[in-house]
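Report on the structure given below.
4 protein chains.
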Amino acid sequence: MNPITKLINLQTLASGDILQLKTYHFKGKTGTKKVYIQSNLHGGEIVGNAVIYELIKFFSQLNEDTLHGEIFLVPMCNPTAVNQRNLFFSTGRFSPYDGLNWNRIFWDYSHEKVNINKFVKDNLNLTKEEIQQNFLNQILIKFNNKLKSINQNRGISFSEHYRNILHSLSLDANYIIDLHSSSVKAIDYIYCFDSRQKNADYFLFDYGILMNKYDGNAFDEAFLNPWLILEKKFIQQGRNITFDVESWTLELGSGMTVNQASVNKGIKGIINYLSAKKMLNLDVIIPQKTTQFVNKNNLKHYYAPQGGIIRHRLSEGTKVTYEDVLYQLLSFPKNGDLPIIMEIKSVDEGIIYDVSINDTVNQGEYILGIFPHV
Amino acid sequence: MNPITKLINLQTLASGDILQLKTYHFKGKTGTKKVYIQSNLHGGEIVGNAVIYELIKFFSQLNEDTLHGEIFLVPMCNPTAVNQRNLFFSTGRFSPYDGLNWNRIFWDYSHEKVNINKFVKDNLNLTKEEIQQNFLNQILIKFNNKLKSINQNRGISFSEHYRNILHSLSLDANYIIDLHSSSVKAIDYIYCFDSRQKNADYFLFDYGILMNKYDGNAFDEAFLNPWLILEKKFIQQGRNITFDVESWTLELGSGMTVNQASVNKGIKGIINYLSAKKMLNLDVIIPQKTTQFVNKNNLKHYYAPQGGIIRHRLSEGTKVTYEDVLYQLLSFPKNGDLPIIMEIKSVDEGIIYDVSINDTVNQGEYILGIFPHV
Amino acid sequence: MNPITKLINLQTLASGDILQLKTYHFKGKTGTKKVYIQSNLHGGEIVGNAVIYELIKFFSQLNEDTLHGEIFLVPMCNPTAVNQRNLFFSTGRFSPYDGLNWNRIFWDYSHEKVNINKFVKDNLNLTKEEIQQNFLNQILIKFNNKLKSINQNRGISFSEHYRNILHSLSLDANYIIDLHSSSVKAIDYIYCFDSRQKNADYFLFDYGILMNKYDGNAFDEAFLNPWLILEKKFIQQGRNITFDVESWTLELGSGMTVNQASVNKGIKGIINYLSAKKMLNLDVIIPQKTTQFVNKNNLKHYYAPQGGIIRHRLSEGTKVTYEDVLYQLLSFPKNGDLPIIMEIKSVDEGIIYDVSINDTVNQGEYILGIFPHV
Amino acid sequence: MNPITKLINLQTLASGDILQLKTYHFKGKTGTKKVYIQSNLHGGEIVGNAVIYELIKFFSQLNEDTLHGEIFLVPMCNPTAVNQRNLFFSTGRFSPYDGLNWNRIFWDYSHEKVNINKFVKDNLNLTKEEIQQNFLNQILIKFNNKLKSINQNRGISFSEHYRNILHSLSLDANYIIDLHSSSVKAIDYIYCFDSRQKNADYFLFDYGILMNKYDGNAFDEAFLNPWLILEKKFIQQGRNITFDVESWTLELGSGMTVNQASVNKGIKGIINYLSAKKMLNLDVIIPQKTTQFVNKNNLKHYYAPQGGIIRHRLSEGTKVTYEDVLYQLLSFPKNGDLPIIMEIKSVDEGIIYDVSINDTVNQGEYILGIFPHV
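Protein chains in written order, with my numbering: chain A, 704 to 1077; chain L, 704 to 1077; chain V, 704 to 1077; chain C, 704 to 1077.
Structure (structure tokens):
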């Protein structure tokens, strides 16, 4: 089964050249569900491209009977960010035009003036499938109206244009999988939303961050949030529904590098998840242990107490306990003192999940993060 | 009357050097009110430094009887941003460490878990002055508790450290005046909050933007928002109070440049405002006409429909009407076509209040903004 | 007469998108001379694109009898630089990959191990035209051998790849015209090489810089330098030849902006020059006054003696004499002193030809330049 | 023995803050030779700071009898570069003001109009020590005259100001040791000048690059070059002198990180070198094997043939032979083709000495370098 590929014009540059998105589309003979997978939304987070490359190879070897529903893949999904450099560094984490984090620009239907209570009342007695279809239609109508209301003379900012293109490819999906990595150095983990924890296990990750607070228009949040709100409204009306709509962000290791173990973990997890969702006709690996979740608001971050050079920092993945020396800070004070080394000890116990990529720091720069109590 | 100056350590750099803030403090013989004035929060917005320079000269010539209360001035209030360069450009609009807009990092008391309803109930029968003092105390206690809760080993991000220092200088002020300019090219205007429009007139600006929606942790918003919420709660309880607390952002022309007319407008407006507030014992200029306000959510923005070179763009301050050609866009398409010039016409009428600084654009870059119907 | 356009692949980006050059080629019915005109080699120097746009329109209206020889035009000749942004600034003056100034990367035949003395000896008795053809052939052979010697596995740096493409379009031209502007703010002027001053006059510029020292692999230098060396060698052999080979850089005003007067000056000058060269069958405007030249090593540059804010700087084009106040510097010292304003006076007399674009400076940043004694 | 420390004002910033250099000076009871050691000239090359920290500790434990001569240490020798960030990356390889590589700005006495032939003639019959003193005096006089000729109104660029400060600390040294690392990822090696190879061995490095061509005003070159020229002139006069003047650049591993093995190698090598030079009264380790040198013009560099993601790149330190697969390049072409993986094979045999830090590449970005035939 070969994918259908499609090129979409994304941005005409000052020079007249055009940046494009390329989508790879596999469609099974049967099934109606859709999974949408993208990678490299942040410029330096490249691991997911290797995952999508392997997935394209893998799906190409399947025949159309093995796939139920359709798979959309968008590698290199942010050319503007991917190609950006400062020296040899990938600095495409923020838009060069408005400074926005590329993953905080997305459109959340629930932020529109919409009467969800009325929708619940109108749909209370329909089947889950009917409700899901009706709500999706409302989202798509609102989205299309937004597109239509764009004034061609005023135009729109690139951030808004860009998000509209990604939404138009993905809003009607059942499952969204956004392949990130740390922009610095990190272990593998998964972002999960409340009420979807059980399905996270099929990705076979050891650790996850539970999005217990809305962090602001990330791709995964903007997609799922309206559905989570709808579910809560139905619960208030006494009806407990979980729609067949999910949203995942996989964090596959470190930035600017492609670790093979992280690639393998991504491929294996996605195939197993799609099998569990019965989109692939393959054996499902039953997770031996469940993913350990840390609430987002409970992550512990360490910042440089002053400028200097970091020495002997513990690496990502290290288990720490109270009073462990996390790192040393060598500084050369601009007074009469000799240079000194300061030891910074942990006030947390848990796993170091990410560490910064640069061992020189000004005061207040990021040093490392800890998943506490795992 | 000479100011008392004070140096505050702000950031120890990797090299061991220390960036400092310098405050200039004038204190009258009488009076208890405090005005806090800062400039250059964004790296390229330097006009306010010239205003503060002139204000320091002006206040220095006054004697202590003419001043009631105290004036705090902090020019160059963001050394990290002020000193930052990419080539010869001032690119310090966003923190180099976390990408945050330097004017979206501030702390808003009302975002804490605080029971304002209880405060209103407890204070309902006190005088306005007592209530103001009590509420300020609550803000300061909460702020100081936040400072105390900082774990020394974990440290805090530079953005948070920085905002804490500015808050510690300004939270107890009656009036906050934040001197910005456009980062691009713009006319002079003022930001004003709902219910404070009348006092805006004393700044003698032609145009203002009314902050009719909370835009997110800007310095002026974070300061005033709790008080505005408190006022609304009191109105719900039947008591109509306007506290003697105000917050202003002056936009003084263009970035990376110091236009003398903008400097003069800033000086004149601030002195007149302080006179109207009876902090200065000077004649008040009664505004001949009131400031014309545009609601923030009603600003009109134009973005490049594709990449190219901007030609014959109308400048800031131009009055436009429907169908006026705002600018031309020269592009060199990467196909067989000859280069073309496209005309972009206005779909708004009003005043062009800002225009971008760079006549090359990629698709989606900012071109200009319009205050409609003024 | 319509130009023949051609697209050349320049750079495949990480995302898979391809940046291209587009050439516009007009060919007369008669004539063998070739002029090569490019613009926007530095990312922010965009004026030349508007000049080339007008030239394409102008040449298109001519018929093939009016043009003798051929005209190659390459607007937007450096897409990598043109599209680069940091915030809304065009920062493409240096390659993001190796930090090299885009106009210091070019290949100069005379830097190869070539025996020019032998060439002179072998060609001493040939006609000027024969010698010119023979020398050009040697240059082209050497250049093509360099291309052939590139090892496909090792590849080459983007700077080298890029220069090779521009050379392959232009090495066989008689006249090269490189359209720059200041990267900051400047008056119009022209760069000229020794022995070619008389022809400079046809461009109708008031001022010029005479390249009396080799500055290092700029596009104009790298092209003309071997010919100038050859001419000197012939003079040493008693034969005084000036080959029909010239190289010009036009500096058309300021960066990131398109001043119409600079555009007009560029168009008028180029058309007049080509007419004087008899490539265009048009009346030649005889220059009323000759271009005033300043030797490159005699330019006067002013740098900030310390950090601060520039006030009341004289603008580009101002005539200054000794002791004129060039600018003021407002600084806020980080000690007990009050802010101060320092006046910086001219120690030169002449014309201010460029001034920096940013009125905040750290110590040692550029302030302005003077053409002395003009 | 405690060092004497000294603070030198380097740059007053726009904000009024001042960046300083701090020097650490150890002086023995006897001896007249001077070694000058600096680190972190490029912003991201931080390893040398850790070396200097350890050297300060080590020398502090010595008593004044053990040291002959004096040791100057300047860690963090470029605060402007050290503190610079784009995101969390150290991008201080080039000056933000003029784009110059911080290690290509230095002053070379031999580039001045000086008559070295006359000096040789005048000094031909003096002792080596007398000649060395006389030549040093000439250099210092010329340098001080340059400083005196700076016009205070014009000022000088920061690059020139900065180099003057480093020269004023180091021009009179016998030995200069400049502690760099790769800006990307690299093995340890040493830069050496022709005629000084034997002394390189005392640093105990496996590999070295022999500076067989002048590369342009690097710190080590600018210091030693006049002496090397002088030596050649004396040889032409039949006198074979090697002055007791040397210049070394140590490349200690990778950028933005501090590898302990590289630190140890730096410390051990420097102490052994100073012992061999009899500045330290310690046992000299006799090198078991000599440093293997590669001529600078013989290094082999690999660049990306097109954009994409690097997979399975061999790491720094790997020994390669012809046809070894150096890396794979995964690309997603923007046409109908499926993504592909290309294998790039070595056309060299030797040691991979550095590899780039970023696994995404645009066409022409650096991939890796090879020391051939070692």
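Heads up, the beta-carbon is just placed ideally off N, CA and C, and yes, glycines get one too.
Endpoints, beta strand (DSSP E) assigned at residue i
i         : result
Tyr917(A) : From DSSP, Tyr917(A) is part of no beta strand (DSSP E); its letter is neither H nor E.
Phe896(V) : Tyr892 to Phe896
Leu710(A) : Ile707 to Thr715
His870(C) : Element bounds for His870(C): not the beta strand (DSSP E) but the alpha helix (DSSP H), Phe861 to Ser873.
Lys831(V) : Premise fails: Lys831(V) lies in the alpha helix (DSSP H), Lys831 to Lys851, not in any beta strand (DSSP E).
Ile880(A) : Tyr878 to His883
Cβ distance (whole Å) where residue i is taken to contact residue j below 8 Å
i          : j          : result
Gln1031(L) : Glu1052(L) : Their Cβ separation, rounded to whole angstroms, is 20 Å, which puts Gln1031(L) and Glu1052(L) out of contact at 8 Å.
Asp986(A)  : Gln835(A)  : Actually they do not touch by this definition, with Cβ atoms about 28 Å apart.
Tyr1069(A) : His1004(A) : 7 Å
Asp923(A)  : Phe908(A)  : Not quite, the Cβ-Cβ distance comes to about 15 Å (not below 8 Å), so this is no contact.
Ile1054(A) : Phe1074(A) : 5 Å
Asn867(L)  : Leu839(L)  : Not confirmed; about 17 Å, so no contact.
Val750(L)  : Ser965(L)  : 5 Å
Contact list for residue i against chain A, beta-carbon separation under 8 Å
i          : result
Ser1059(C) : Phe791
Val1050(L) : Asn854, Asn856 and Arg857
Gly919(C)  : Ordered by position in chain A, no residue passes the 8 Å Cβ test against Gly919(C), which lies about 19 Å from the chain.
Residues of its chain near residue i, where Cβ-Cβ distance is below 7 Å and the 5 sequence neighbours each way are ignored
i          : result
Ile842(L)  : Tyr812, Leu874 and Pro929
Leu710(A)  : Gln723 and Lys725
Asn920(A)  : Arg807, Ile808, Phe809 and Asp811
Ser1000(A) : The amino acid occupying residue 1000(A) in the given sequence is Asn; Ser does not appear at that position. So the qualifying residues of the chain are Asn915 and Lys916.
Gly1010(V) : Ser1034, Val1064, Asn1065 and Gln1066
Neighbouring residues, chain C, relative to residue i (Cβ below 9 Å)
i          : result
Val1068(A) : Per the sequence shown, residue 1068(A) should be read as Glu rather than Val. Ordered by position in chain C, the residues that pass the 9 Å Cβ test against Glu1068(A) are Arg788 and Phe791.
Under 7 Å by beta carbon: chain C residues contacting residue i
i         : result
Phe937(A) : Simply none; closest approach about 41 Å.
Ala717(L) : Val785 and Asn786
Residue i, enclosing alpha helix (DSSP H) - first and last residue
i         : result
Val966(C) : Gln963 to Ala979
Val997(L) : From DSSP, Val997(L) is part of no alpha helix (DSSP H) but of the beta strand (DSSP E) over Gln995 to Asn998.
Trp951(V) : Note, Trp951(V): premise wrong, no alpha helix (DSSP H); beta strand (DSSP E) at Glu949 to Glu954.
Gln764(A) : Val750 to Gln764
Nonlocal neighbours in the same chain, by C-beta distance under 6 Å from residue i, ignoring five residues either side
i          : result
Thr1024(L) : Glu1052
Ser978(V)  : Leu985 and Val987
Residues near residue i by beta carbon distance below 8 Å, same chain, minus five either side
i          : result
Ile1043(C) : Leu1033, Ser1034 and Pro1036
Phe792(V)  : Gly747 and Met959
Lys968(A)  : Asp891, Leu907, Phe908 and Leu955
Cross-chain neighbours of residue i in chain L, by beta carbon under 8 Å
i         : result
Met959(C) : Residues of chain L passing the Cβ test: none, with the nearest at roughly 11 Å.
Contacts of residue i in chain V (Cβ-Cβ under 9 Å)
i         : result
His864(C) : Tyr1006, Gln1066 and Gly1067
Chain-ordered chain C contacts of residue i [CB-CB under 8 Å]
i         : result
Val785(A) : Thr1063
Asp720(L) : Asp720, Ile721, Leu722, Gln723, Pro782 and Asn786
Residue i beta carbon near the ligand ADP (any heavy atom closer than 8 Å)
i         : result
Lys736(A) : No copy of the ligand ADP appears in this structure; indeed no ligand is present at all.
Contacts of residue i in chain V (Cβ-Cβ under 8 Å)
i         : result
Gly747(A) : In chain order: nothing, as chain V lies at least about 11 Å away.
Listed by chain order, chain L residues near residue i by CB distance under 7 Å
i          : result
Lys1037(V) : Leu710, Gln723 and Lys725
**Request:** With 8 Å as the limit, tell me which residues of the stretch 1006-1026 of chain C have their beta carbon closer than that to any beta carbon of chain V; keep them in chain order.
**Result:** Cβ contacts with chain V come from Tyr1006, Ala1007, Pro1008, Gln1009, Gly1010, Gly1011 and Ile1012.
**Asked** Using a Cβ cut-off of 7 Å, which residues of the stretch 750-782 of chain A contact any Cβ in chain C, in chain order?
**Response** Result list: Asn752, Ala753, Tyr756, Ile759, Pro778 and Met779.
**Request:** Select from the stretch 893-917 of chain C all residues with a C-beta closer than 7 Å to any C-beta belonging to chain V, and list them in chain order.
**Result:** Of all residues in the stretch 893-917 of chain C, none places a beta-carbon less than 7 Å from a beta-carbon of chain V.
**Request:** Report the residues of the stretch 790-821 of chain A with a CB closer than 8 Å to any CB of chain V, ordered along the chain.
**Result:** Listed by position along the chain: Leu790, Phe791, Pro799, Tyr800 and Gly802.
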